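Numbers in our numbering are just positions in the sequence shown, counted from 1, shifted up by 615. So the structure is just underneath, and the comments pick up after that.
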Amino acid sequence: MTPYAQTLENLGRLIAFPTISAESNLALIDHAEDLLTKAGCATRRIPDPVLAKSGLVARIGPSGPGGVLLSAHSDVVPVAGQAWTRPPFEMTQEGDKIFGRGTTDMKGYLAAMLSLAQRVDATALRAPLMFIISYDEEIGCQGLRKMLPAFAGLGWRPELCIVGEPTSMRPAIGHKGKSALRATCRGVAGHSALAPKYINALHLAADFITALRIIQHEYGGSDVQDTAYDVPYSTVHAGTLQGGTALNIVPERAVVEFELRHLPQDELSTFLKRLTHAVGHICAPFQAEYPDVGIDIEVTNTYPGLDIAPDHLAVRRVGRLCGSEDVTKVAFGTEAGFVAGLGIPTVVCGPGSMEGQGHKADEFVALSQLGRCDRMMDRLLAELSGQKTAL
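And the structure:
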């Protein structure tokens, strides 16, 4: 099954916009808004309050509740430091593969969204079709978080949202929530020749990382498990450690950046209580003599997980639309939890696979996957127009 020519044309245009999260996405939004407006959609930008970036929402069809919302993000991960053998911001077709940054994550789905809009007959729709294009998803779903108040104020009440992250065109019904955190370790500086007289912040950080590993071990051995995930329990990961200014100075400050990816039952608040308890044990031996010694914990970003029942009507509906009732859960995070938090039944389903394709050099999506996505869009259009759909 091959994609429609319009989807490939759209994808080529989208790849050419180098919308890595450190750069503006406004040129892409200009293009998408022009395309959607010409297709008959009513559009509205939701600009970032500070950055040169914007989200975009669009709607076509009758007013009132119901209908379906299609969701995609416009940003992509960087290419710096990756050994690309093809131009990352130029579409290259080789056999059944389309190469370019964002082909899988997730401009392939966005291209299919836009080509769907281009073939809609608004007068035939019995329920509205809605679109939302976000930004800064790749750095912790920050763009959609900022867009939510304005989006909620529109009063749209779709009965389904499909977030098109790469799932190999299978309905994904869950992913873990994520919290990014920072631990700032405060020691006491001094000359390294007298190191035992001072408090080394890097040593505090090492003890803190050991505490994280202990908590991880406890998560791994707990009864809270979900075998639908590759790693069936909540995970803790220390990503960066920074501290010290010179070899002969006992460092007074060290910073650990770490994360929690958690199942719904393992709440952030419980994790923070465990951390506070561990920090108390780490710092207590020093605080009588050095009361300023400590470890400060800061939550720098969070996004919610997704958890929708496999027998939910929305899940079964997406299964019919995409031609697969083989539900899955994904290891990576998405914006779906935010949308679900508005009371909109939300399922993740899109072309491509994160494993072996997304976020890598020579990122690609298979033509057959794009074709299946176009067919899903056709079935959705038929449903919204009151027609019977065929798999």
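All residues carry an ideal CB built from backbone N, CA and C; glycine is no exception. Given the structure is predicted, the values throughout are model-derived calculations rather than measurements.
Discussion item. For Leu936, report the span of its alpha helix (DSSP H) as first-last.
Written reply: In the sequence shown, the residue the question calls residue 936 occupies position 321. Leu936 -> alpha helix (DSSP H) spans Leu928 to Cys937.
Worksheet entry | Reduced DSSP secondary structure (H/G/I, E/B, other) of Arg660 | For the purposes of this step, residue 660 is identified with residue 45 of the sequence shown, where counting begins at 1. Strand at Arg660.
Worksheet item: Where does Arg923 sit, in a helix, a strand or coil, going by DSSP?
Response: Locating residue 923 in the sequence shown gives position 308, where the first residue counts as 1. Note on identity: in this sequence residue 923 is Ile, with Arg being the wrong assignment. The answer is coil: DSSP assigns Ile923 none of H, G, I, E or B.
Fill in: Opening and closing residue of the beta strand (DSSP E) in which Cys776 lies
In the sequence shown, residue 776 corresponds to position 161, counting from 1. Leu775 to Val778 is the extent of the beta strand (DSSP E) around Cys776.
Fill in: Beta-bridge pairing of Ser794 - partner residues as DSSP gives them
Locating residue 794 in the sequence shown gives position 179, where the first residue counts as 1. Leu875 and Thr917.
Fill in: Residue range of the unbroken alpha helix (DSSP H) whose run includes Leu671
Sequence index remark: in the sequence shown, residue 671 carries index 56 (1-based). No alpha helix (DSSP H) contains Leu671, which is instead part of the beta strand (DSSP E) from Ser669 to Ile675.
Item to complete: Would you kindly work out how many angstroms separate the C-alpha atoms of Glu753 and Gln972, rounded to a whole number?
Response: Within the sequence shown, residue 753 is the residue found at index 138, counting from 1. Within the sequence shown, residue 972 is the residue found at index 357, counting from 1. When rounded, the distance between both Cα atoms is 16 Å.
Worksheet entry | Classification of Thr842 by the beta-carbon crowding that lies within 10 angstroms, buried from 16 upward | Looking up residue 842 in the sequence shown gives position 227. Exposed: under 16 other Cβ atoms inside 10 Å.
Worksheet item: Can you name the residues that DSSP bridges to Ile747?
Response: For this step, residue 747 is matched to residue 132 along the sequence shown. According to DSSP, residue pairing for Ile747 in a beta bridge involves Val672 and Ser686.
Worksheet item: Should Ile923 and Gly792 be called a contact, given that it needs their Cβ atoms to be closer than 8 Å?
Response: Here residue 923 is taken as the residue at index 308 of the sequence shown, counted from 1. Here residue 792 is taken as the residue at index 177 of the sequence shown, counted from 1. It is not a contact, given that the beta carbons lie outside the stated cut-off.
Item to complete: Go through its chain and collect everything with a Cβ distance to Cys756's Cβ below 6 Å, but skip five positions before and after it.
Response: As a working mapping, residue 756 is identified with position 141 in the sequence shown. The answer, listed in chain order, is Tyr918 and Glu950.
Worksheet item: Is Val894 helix, strand or coil when you go by DSSP?
Response: In the sequence shown, residue 894 corresponds to position 279, counting from 1. If DSSP states are grouped into helix, strand and coil, Val894 belongs with the helices.
Practice prompt. Mind the definition here: the stretch 649-659 touches the stretch 730-740 only if three or more C-beta pairs lie below 8 Å; say whether that holds.
Written response: yes
Practice prompt. Quick one: residues in its chain with C-beta nearer than 6 Å to the C-beta of Gly835, no 5 flanking neighbours on either side, listed in chain order?
Written response: Working through the sequence shown from its first residue, we reach residue 835 at position 220. For Gly835, where only same-chain residues beyond five positions count, the Cβ hits under 6 Å are Tyr848.
Worksheet item: So Ala820 and Ala869 are in contact, right, with Cβ under 8 Å, and what is the actual spacing, rounded?
Response: In the sequence shown, the residue the question calls residue 820 occupies position 205. In the sequence shown, the residue the question calls residue 869 occupies position 254. About 4 Å; that satisfies the 8 Å criterion.
Discussion item. Please list the terminal residues of the continuous alpha helix (DSSP H) segment that includes Glu867.
Written reply: For the purposes of this step, residue 867 is identified with residue 252 of the sequence shown, where counting begins at 1. No alpha helix (DSSP H) contains Glu867, which DSSP labels as neither H nor E.
Discussion item. Which runs of the beta strand (DSSP E) at least 3 residues long sit entirely within the stretch 957-985? Give them in chain order.
Written reply: 961-963 and 979-981
Discussion item. Between which residues of its own chain and Leu890 is the CB-CB distance below 6 Å, once the five residues before and five after are set aside?
Written reply: As a working mapping, residue 890 is identified with position 275 in the sequence shown. Excluding residues within five positions, the ones whose Cβ falls inside 6 Å are Ile912.
Practice prompt. Consult DSSP for Ala787 and reduce its assignment to one of helix, strand or coil.
Written response: As a position in the sequence shown, residue 787 is number 172, starting the count at 1. Note: Ala787 maps to strand in three-state DSSP.
Practice prompt. For Cys756, name the three-state secondary structure that DSSP assigns.
Written response: Walking along the sequence shown from the start, residue 756 turns up at place 141. In this structure, Cys756 counts as coil in the three-state DSSP scheme.
Discussion item. Assuming the contact rule is C-beta atoms closer than 8 Å, Pro743 and Val930 should be a hit. Round their C-beta distance to whole Å, please.
Written reply: By 1-based counting over the sequence shown, the position of residue 743 is 128. By 1-based counting over the sequence shown, the position of residue 930 is 315. Not quite, the Cβ-Cβ distance comes to about 21 Å (not below 8 Å), so this is no contact.
Worksheet entry | Start and end residues, alpha helix (DSSP H) containing Ala861 | Residue 861 sits at position 246 when you count from the first residue of the sequence shown. Premise fails: Ala861 is in no alpha helix (DSSP H) and is neither H nor E.
Worksheet item: Looking at C-beta atoms only, is the number of pairs between the stretch 986-993 and the stretch 616-633 that lie closer than 8 Å three or more?
Response: yes
Worksheet item: Would Ile630 be called buried (16 or more neighbouring beta carbons within 10 Å of its own) or exposed?
Response: In the sequence shown, residue 630 corresponds to position 15, counting from 1. Classification for Ile630: buried.
Fill in: Own chain partners of Asp941 with C-beta closer than 7 Å, once the 5 adjacent residues on each side are dropped
Here the question's residue 941 lines up with position 326 in the sequence shown. If we look at Asp941 and ignore the five residues flanking it on each side, its Cβ neighbours are Arg785.
Item to complete: Assuming Gly670 and Met762 form a contact by the criterion Cβ under 8 Å, report the distance between their Cβ atoms to the nearest whole angstrom.
Response: Here residue 670 refers to the residue found at position 55 of the sequence shown. Here residue 762 refers to the residue found at position 147 of the sequence shown. Between the beta-carbon of Gly670 and that of Met762 there is about 4 Å, and that keeps the pair under the 8 Å contact cut.
Discussion item. Less than 7 Å separating the Cβ of Asp690 from some heavy atom of the ligand ZN?
Written reply: The ligand ZN is not part of the structure shown, which contains no ligands of any sort.
Worksheet item: Does the distance from the CB of Gly854 to the CB of Leu817 come in under 8 Å?
Response: The residue labelled residue 854 in the question sits at position 239 within the sequence shown. The residue labelled residue 817 in the question sits at position 202 within the sequence shown. Not in contact: Gly854 and Leu817 (Cβ atoms no closer than 8 Å).
Worksheet item: Can a CB atom of chain B be found closer than 8 Å to the CB of Ile748?
Response: The chain inventory of the structure shown lacks chain B, comprising one protein chain alone.
Item to complete: Return the Cβ separation of Gly715 and Thr707 in integer angstroms, given the expectation that the two are a contact with Cβ distance under 8 Å.
Response: The residue labelled residue 715 in the question sits at position 100 within the sequence shown. The residue labelled residue 707 in the question sits at position 92 within the sequence shown. The Cβ separation is near 6 Å, so the contact holds.
Worksheet item: If we count Cβ pairs, one from each stretch, closer than 8 Å, do we get three or more for the stretch 877-894 versus the stretch 764-774?
Response: Result no; under three Cβ-Cβ pairs closer than 8 Å.
Worksheet item: By how many angstroms is the C-alpha of Gly682 removed from the C-alpha of Arg741?
Response: One-based indexing of the sequence shown puts residue 741 at position 126. One-based indexing of the sequence shown puts residue 682 at position 67. Going from the Cα of Arg741 to the Cα of Gly682 covers about 8 Å.
Worksheet item: So what's Ala767 in DSSP terms, helix, strand or just coil?
Response: By 1-based counting over the sequence shown, the position of residue 767 is 152. Helix, per DSSP.
Worksheet item: When the Cα of Pro633 is compared with those of Ala673, Pro703 and Lys668, which residue comes out closest?
Response: On the sequence shown, position 18 is the one that residue 633 refers to. Checked all of Ala673, Pro703 and Lys668; the closest Cα to Pro633 is Pro703.
Item to complete: Could you check the C-alpha separation between Ala893 and Pro906 for me, to the nearest Å?
Response: Within the sequence shown, the letter at position 278 stands for residue 893. Within the sequence shown, the letter at position 291 stands for residue 906. Each residue's Cα considered, the two are about 17 Å apart.
Practice prompt. Apply the 10 Å Cβ neighbour rule to Ser939 and answer buried if 16 or more other Cβ atoms are within range, or exposed otherwise.
Written response: In the sequence shown, counting from the first residue as 1, residue 939 sits at position 324. Counting Cβ neighbours within 10 Å, Ser939 comes out buried, since at least 16 surround it.
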